[in-house]
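Numbering-wise (my numbering), the sequence shown opens with residue 6 and increments by one. A virtual CB, placed ideally from N, CA and C, is assigned to each residue, including glycine. Structure, as structure tokens:
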Amino acid sequence: MRNLKIKDGFSLSELSLGCMNLPLDNKVEAEKIIESALNAGITYFDTADLYQFGENEKLVGEILSKYRSQYDFTLGTKVGNQFDEKKQEKIAWNPTASYIKEAVKDSLHRLRVDQIDLYQLHGGTIEDDKDETISAFEDLKQDGIIKSYGISSIRMNVIDYYKQHSSIATLMMQFNPIDNRPLEVVEDLNDIQVLARGPVMKGLLSEKSLKVLDEKFDDGVLDYSNEQLKETIESLLSINTDLTALSYEFLRKNDAVIVNGVSSVEQLNSNLKSYDKAGDLTDEEYSRILNAVKTLQYGEHRI
Ligand SMILES: NC(=O)c1ccc[n+]([C@@H]2O[C@H](COP(=O)([O-])OP(=O)(O)OC[C@H]3O[C@@H](n4cnc5c(N)ncnc54)[C@H](OP(=O)(O)O)[C@@H]3O)[C@@H](O)[C@H]2O)c1
């Protein structure tokens with residue numbers, strides 16, 4: 006497993022585990038997924054306080070705490086969406102310093118840790134008081150409550166602001182050959198590490214591609230109709246019959262940490278096999294992928 010070093014002095018495994026889709030109703034399977042991931046050399050686990058309104062953090066914290074003495078790993082979570090844990094409902098977007106400093110205590114408790122390795126702002130708008138949010142993250146870092154911080158955003162104006170005015174170590178965005186909107190962003194990130202979520206596009210870039218196309222992409226996605234997606238998948242298959250490996254290679258070419266979500270051990274194992282197959286693309290191979298897909302750009306939230 007390759008590792009990528011982020012600027013606050015620790016490394017994330019190139020293939021990481023997105024925990025959002027872990028089967029919460031099947032703890033045995035969820036633990037098997039996490040244990041298999043650790044055994045395969047995955048050292049970064051991504052969750053968020055909002056996922057299942059705190060329940061995801063609790064499950065991930067409970068399982069990972071059993072493995073802490075055996076494995077060295079890091080944990081990332083997110084904040085900014087205020088929710089009612091008891092009623093299991095979202096209240097509001099809340100990036101204020103007072104909220105972040107309270108919410109972090111709940112995440113520490115649910116995750117069973119004394120310090121959060123990577124604390125990410127879970128969205129954000131240009132209207133937020135961004136300097137206040139940044140100072141909250143800086144204070145938490147200074148106090149040793151978090152090791153590092155980042156943002157998860159697909160808004161160019163928000164990303165630009167944090168690039169210029171904060172010391173974010175990471176930027177999470179949906180990124181894969183089909184949703185290639187981040188390409189214009191990653192060119193100019195300096196020491197900010199991209200975390201690519203959605204690398205298999207909900208399974209569209211997997212061995213179950215055609216089934217997923219029928220079941221999840223009836224109305225197409227982004228600038229693609231369902232039919233156009235089918236044609237694109239066929240073009241990509243002519244480049245590499247393993248679409249997951251193709252996506253991983255594409256993301257590796259962009260120096261991304263690949264945050265892949267799974268809901269079963271079978272999916273994890275299949276993705277790990279593809280990871281083992283993934284190599285380094287030549288410029289020519291990379292161009293073939295780019296020629297097979299549309300070049301997309303973020304439309305809104307640019308100014
Ligand atoms: N705004 C944010 O910050 C944000 C938003 C979304 C996600 N995330 C994070 O990023 C992680 C990854 O994103 P994601 O879960 O949306 O994207 P993803 O990793 O592309 O998709 C995960 C889903 O794809 C399907 N899948 C995975 N491997 C497969 C395989 N080998 N064969 C067939 N299907 C497969 C599964 O769907 P089924 O379960 O339906 O089978 C799985 O739940 C999340 O877990 C979460 O930690 C962050």
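Best match in the options for proximity to residue i [C-alpha to C-alpha]
i: Glu-125; options: Glu-107, Asp-144, Gly-81, Arg-160; result: A small correction: the amino acid at residue 125 is Gln; Glu does not occupy that position in the sequence shown. Among Glu-107, Asp-144, Gly-81, Arg-160, the Cα nearest to that of Gln-125 belongs to Gly-81.
i: Ser-172; options: Gln-147, Glu-143, Asp-148, Ile-151; result: Glu-143
i: Leu-20; options: Ala-35, Asp-30, Asp-13, Ala-42; result: Ala-42
i: Asn-296; options: Ile-244, Glu-271, Ser-275; result: Ile-244
i: Ile-159; options: Asp-184, Tyr-253, Gln-272; result: Asp-184
i: Ile-131; options: Leu-116, Tyr-166, Val-118, Asp-288; result: Tyr-166
i: Leu-123; options: Phe-15, Ile-39, Lys-216, Phe-180; result: Phe-15
i: Arg-115; options: Ala-261, Ile-164, Asp-54; result: Asp-54
i: Gly-304; options: Pro-187, Ala-250, Val-298; result: Pro-187
i: Arg-117; options: Ile-11, Ser-74, Ser-70, Thr-79; result: Ser-70
i: Asp-219; options: Glu-94, Asp-281, Asn-231; result: Asn-231
i: Arg-307; options: Phe-78, Asp-196, Val-163; result: Val-163
i: Ala-261; options: Asn-181, Glu-289, Gly-208; result: Asn-181
i: Phe-78; options: Ile-68, Phe-50, Lys-91; result: Phe-50
i: Ser-214; options: Leu-194, Met-161, Ala-108, Lys-235; result: Lys-235
i: Gly-129; options: Met-161, Asp-288, Leu-194, Asp-119; result: Met-161
i: Val-84; options: Ser-74, Lys-92, Ile-121, Tyr-72; result: Ile-121
i: Arg-73; options: Gly-284, Asp-119, Ala-108, Glu-94; result: Asp-119
i: Thr-288; options: Asn-31, Lys-278, Arg-257; result: Checking the displayed sequence, the identity of residue 288 turns out to be Asp instead of Thr. Out of Asn-31, Lys-278, Arg-257, Arg-257 has the C-alpha closest to the C-alpha of Asp-288.
i: Ala-108; options: Lys-92, Leu-145, Tyr-76, Gln-75; result: Leu-145
Cut-off 6 Å between Cβ atoms - residues of its own chain near residue i, not counting five sequence neighbours on either side
i: Met-25; result: Tyr-56, Gly-266
i: Asn-8; result: Ser-16, Ser-18
i: Gly-66; result: Arg-115, Leu-116, Arg-117
i: Gly-208; result: Val-217
Short Cβ contact (7 Å threshold) for residue i with residue j
i: Thr-52; j: Asn-61; result: yes
i: Val-205; j: Leu-176; result: no
i: Asn-99; j: His-127; result: no
i: Tyr-153; j: Asp-13; result: It should be pointed out that residue 153 corresponds to Ser in this sequence rather than to Tyr. Against a cut-off of 7 Å, the Cβ pair of Asp-13 and Ser-153 comes out as a contact.
i: Thr-249; j: Val-298; result: no
i: Ala-174; j: Gly-149; result: no
i: Val-264; j: Ile-38; result: no
i: Lys-110; j: Ala-141; result: no
i: Tyr-291; j: Tyr-253; result: no
i: Gln-169; j: Arg-202; result: no
i: Phe-255; j: Ile-294; result: yes
i: Leu-227; j: Leu-113; result: no
Beta-carbon contacts of residue i that lie in its chain and below 7 Å, excluding the five residues immediately before and after
i: Ser-103; result: none
i: Ile-96; result: Gln-87, Phe-88, Asp-89
i: Gly-46; result: Met-6, Ser-18
i: Val-191; result: Val-199, Asn-259
i: Ile-139; result: His-170, Ser-171
i: Leu-273; result: Ile-38, Ser-41, Ala-42, Val-267
i: Glu-189; result: Gln-302
Contacts around residue i, its chain only, beta-carbon distance under 8 Å, and the 5 residues preceding and following it disregarded
i: Leu-29; result: Ala-35, Gln-57, Glu-60, Asn-61, Leu-64
i: Ser-275; result: Ser-211, Glu-212, Thr-249
i: Asp-223; result: Asn-231
i: Asp-134; result: Pro-100, Thr-101
Neighbour flag for residue i against chain D, beta carbons, 7 Å
i: Ile-105; result: Absent from the structure: chain D. Only one protein chain is present.
> Of all the beta strand (DSSP E) runs that stay within the bounds of the segment 41 to 102, which reach a length of 3 or more residues?
Replying inline: Complete beta strand (DSSP E) runs here, min 3: 49 to 51, 79 to 84, 86 to 89, 94 to 98.
>> Just to confirm the assignment: which complete beta strand (DSSP E) runs, minimum length 3, are found wholly within the segment 178 to 216?
In response: Segments of the beta strand (DSSP E) lying fully in the segment 178 to 216: 198 to 202.
>> At 3 residues or longer, what runs of the beta strand (DSSP E) sit wholly inside the segment 102 to 138?
In response: Taking only runs of at least 3 residues, the beta strand (DSSP E) segments lying wholly in the segment 102 to 138 are 121 to 127.
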